[in-house]
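Quick notes on the structure that follows.
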Amino acid sequence: MSLPATIDPATLHIGDSLPEWAIDINATRIVAGAIATRDFMPVHHDRTYANTQGAPDVFMNILSDTAYTSRYLTDWAGPNAMVRKVAIRLGVPVFPGHTLTYTGEIAALDIGDSETTVEITLRAVNELGEHVGGTATLSLPNVATS
Amino acid sequence: MYRAQPMTHDLDQQLEALVGKPISDSGATFAPDAVNQPMIRHWAAAFEDANPIHVDASAAAESRFGEIVAPPLMLQTWTMATPKITGIAERGGSPVEGSRAKVLTLLDEAGFVGTLASNSEFEIMRYLRLGDVVSATTVLESVSPPKQTRLGSGYFVTWITTYTVASETADEETVGLQRFRIFKFKPGAAS
Numbered sequence: 002m003s004l005p006a007t008i009d010p011a012t013l014h015i016g017d018s019l020p021e022w023a024i025d026i027n028a029t030r031i032v033a034g035a036i037a038t039r040d041f042m043p044v045h046h047d048r049t050y051a052n053t054q055g056a057p058d059v060f061m062n063i064l065s066d067t068a069y070t071s072r073y074l075t076d077w078a079g080p081n082a083m084v085r086k087v088a089i090r091l092g093v094p095v096f097p098g099h100t101l102t103y104t105g106e107i108a109a110l111d112i113g114d115s116e117t118t119v120e121i122t123l124r125a126v127n128e129l130g131e132h133v134g135g136t137a138t139l140s141l142p143n144v145a146t147s
Numbered sequence: 450m451y452r453a454q455p456m457t458h459d460l461d462q463q464l465e466a467l468v469g470k471p472i473s474d475s476g477a478t479f480a481p482d483a484v485n486q487p488m489i490r491h492w493a494a495a496f497e498d499a500n501p502i503h504v505d506a507s508a509a510a511e512s513r514f515g516e517i518v519a520p521p522l523m524l525q526t527w528t529m530a531t532p533k534i535t536g537i538a539e540r541g542g543s544p545v546e547g548s549r550a551k552v553l554t555l556l557d558e559a560g561f562v563g564t565l566a567s568n569s570e571f572e573i574m575r576y577l578r579l580g581d582v583v584s585a586t587t588v589l590e591s592v593s594p595p596k597q598t599r600l601g602s603g604y605f606v607t608w609i610t611t612y613t614v615a616s617e618t619a620d621e622e623t624v625g626l627q628r629f630r631i632f633k634f635k636p637g638a639a640s
């Protein structure tokens with residue numbers, strides 16, 4: 002395939018919102034994410050075990066959270082965005098049946114010679130409250146104008 | 450308000466003594482496999498991440514990266530231990546026998562057997578390419594004072610991992626840094 006478009010940083014402004022993105026979470030997503038990140042902690046794939054730890058069901062692992070966070074950023078920005086920093090903190094857990102909804106906002110822009118650094122604040126919420134809160138920094142190539 | 454128990458003072462001192470040091474005596478952790486397309490494809494499928502720079506050679510060649518690169522926040526996955534499935538639940542979810550970080554062993558033995566990740570912070574210097582062999586060196590950054598949370602009493606444990614790739618030319622190249630924080634707690638001991 003040919004490369005999809007990447008967002009032109011000249012079109013961005015501080016305070017702009019990223020598009021909201023919602024994903025329905027089920028046990029398959031949680032288990033698939035845990036195993037793809039090589040996290041074999043039983044709380045992420047074995048409900049009986051999770052119950053012994055006081056959780057009502059399996060819950061999403063943090064490596065899946067960073068994965069979905071980077072997907073949220075690059076789905077918006079495009080394939081030439083480079084993820085420089087991501088810092089997340091976890092709040093409430095994500096269980097099967099939850100919908101995880103990401104929102105984000107541009108907090109800062111630093112326009113360099115060849116690329117623009119974009120700082121983003123983001124959060125992901127589910128039925129229980131805030132699951133992920135954090136910040137991210139992307140670099141986007143400047144689009145040459147003549 | 451936290452009230453010290455007889456054992457806790459000793460524990461706090463033992464924890465403090467580990468801060469600033471590598472979390473295990475076994476040195477750097479080397480990825481069992483070089484960065485490879487099958488694991489990237491599995492990861493991209495699990496998260497339905499359609500970014501073509503991770504799986505499509507021709508699209509990736511057009512990108513700023515010039516070739517297929519691994520998902521940046523997959524960095525932590527390459528050096529995760531290959532698990533021994535037998536007995537994993539009995540080990541409290543620890544993927545391998547022995548060779549646990551000393552801070553975790555100390556807390557487990559003191560009854561703080563619950564583990565919950567709370568923070569993950571990545572700084573990415575460059576994206577990994579197919580064939581890169583990643584190694585990770587982890588230092589204990591801090592252990593919090595004892596905390597009471599709705600999960601129970603416990604400690605926030607923070608470590609910093611430096612991810613490097615061996616270079617043909619000279620020194621190891623640092624490709625990323627990660628600060629990772631977990632809460633180690635006594636399940637059900639909330640007050």
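Residue numbers (this note's numbering), protein chains in the order written: chain A, 2 to 147; chain B, 450 to 640.
Note that beta-carbon positions come from the ideal geometry of N, C-alpha and C, so glycine has one too.
*Taking C-beta to C-beta, are A/N94 and A/F41 nearer than 8 Å?*
Here residue 94 of chain A turns out to be Pro, not Asn, going by the sequence shown. At the C-beta level, A/P94 and A/F41 stay beyond 8 Å of one another.
*With DSSP run on the structure shown, which of helix, strand or coil describes A/V32?*
Assignment of A/V32 by DSSP, reduced to helix, strand and coil, places it in the helix class.
*Check whether the Cβ of B/N485 lies closer than 8 Å to any Cβ atom in chain A.*
False, the Cβ-Cβ gap to chain A never drops below 8 Å.
*Exposed or buried, what is B/G563 when buried is set at 16 or more other beta-carbons lying within 10 Å of its beta-carbon?*
Counting Cβ neighbours within 10 Å, B/G563 comes out buried, since at least 16 surround it.
*Starting from the C-beta of B/S591, find all residues in its chain whose C-beta is less than 7 Å away, skip the five residues before and the five after it, and write them out in chain order.*
V468, T607.
*Who does A/Y69 pair with in a DSSP beta bridge?*
DSSP lists no partner for A/Y69.
_Among the candidates B/E558, B/F629, B/L553, whose CA atom is the shortest distance from the CA of B/S473?_
Relative to the Cα of B/S473, the nearest Cα in the group B/E558, B/F629, B/L553 belongs to B/L553.
*Does B/V513 come within less than 8 Å of chain A when only Cβ atoms are used?*
According to the sequence shown, residue 513 of chain B is Arg rather than Val. At least one chain A Cβ lies under 8 Å of B/R513.
*Residues of chain A with a CB under 8 Å from the CB of B/S507: which are they?*
Correct list: M2, S3.
*How many angstroms separate the CA atom of A/V144 from the CA atom of B/E622?*
The alpha-carbon atoms of A/V144 and B/E622 are separated by roughly 30 Å.
_Going by the DSSP bridge assignment, what does A/D111 pair with across the sheet?_
Answer is A/T118, bridged to A/D111.
*Using a C-beta cutoff of 8 Å, does B/D461 count as contacting chain A?*
For B/D461, not one C-beta of chain A is nearer than 8 Å to its own C-beta.
*Along chain B, which residues have their Cβ under 7 Å away from the Cβ of A/S71?*
Correct list: P520, P521, L522.
_By the 7 Å beta-carbon criterion, what residues does the stretch 20–32 of chain A contribute toward chain B?_
Against chain B - using a Cβ distance shorter than 7 Å - the stretch 20–32 of chain A contributes no residues.
*asked:* For chain A, check one thing: does any of its Cβ atoms lie closer than 8 Å to the Cβ of B/F605?
replied: With 8 Å as the cut-off, B/F605 does not count as an interface residue toward chain A.
*If you draw a straight line from the C-alpha of B/R490 to the C-alpha of B/H503, how long is it?*
So the alpha carbons of these two residues sit roughly 8 Å apart.
*Option nearest B/Q462 by Cα separation, candidates B/A483, B/A509, B/S593, B/A480*: Ranked by how close their Cα comes to the Cα of B/Q462, the residues B/A483, B/A509, B/S593, B/A480 have B/S593 in first place.
*Please go through the stretch 544–574 of chain B and give each complete alpha helix (DSSP H) segment of 4 or more residues, from N-terminal end onward.*
Contiguous alpha helix (DSSP H) elements confined to the stretch 544–574 of chain B occur at 551–558, taking only those with 4 or more residues.
*Along the stretch 48–63 of chain A, what residues have a CB closer than 8 Å to any CB found in chain B?*
Along the stretch 48–63 of chain A, going in chain order, the ones with a CB nearer than 8 Å to a CB of chain B are Y50, Q54, G55, N62, I63.
*For A/D25, the three-state DSSP class (helix, strand or coil)*: A/D25: strand per DSSP, three-state reduction.
*asked:* For the stretch 563–574 of chain B, list every residue whose C-beta sits within 9 Å of some C-beta in chain A, in sequence order.
replied: Taken in chain order, the members of the stretch 563–574 of chain B whose beta-carbon sits within less than 9 Å of a beta-carbon on chain A are G563, T564, L565, A566, S567, N568, S569, E570, F571, E572, I573, M574.
*Closer than 6 Å by C-beta to B/A559: which residues in its own chain qualify, once you throw out the five before and the five after it? Chain order, please.*
Result list for B/A559: L460, in chain order.
_Please classify B/S475 as buried or exposed, where buried requires at least 16 neighbouring CB atoms within 10 angstroms._
B/S475 should be labelled exposed.
*Starting from B/A585, trace the beta strand (DSSP E) both ways and give me its first and last residue.*
Where B/A585 is concerned, the enclosing beta strand (DSSP E) stretches over 583–592.
*Could you give the C-beta distance for A/V133 and A/D66, rounded to a whole number, given that I count them as a contact under 8 Å?*
5 Å between Cβ atoms; contact.
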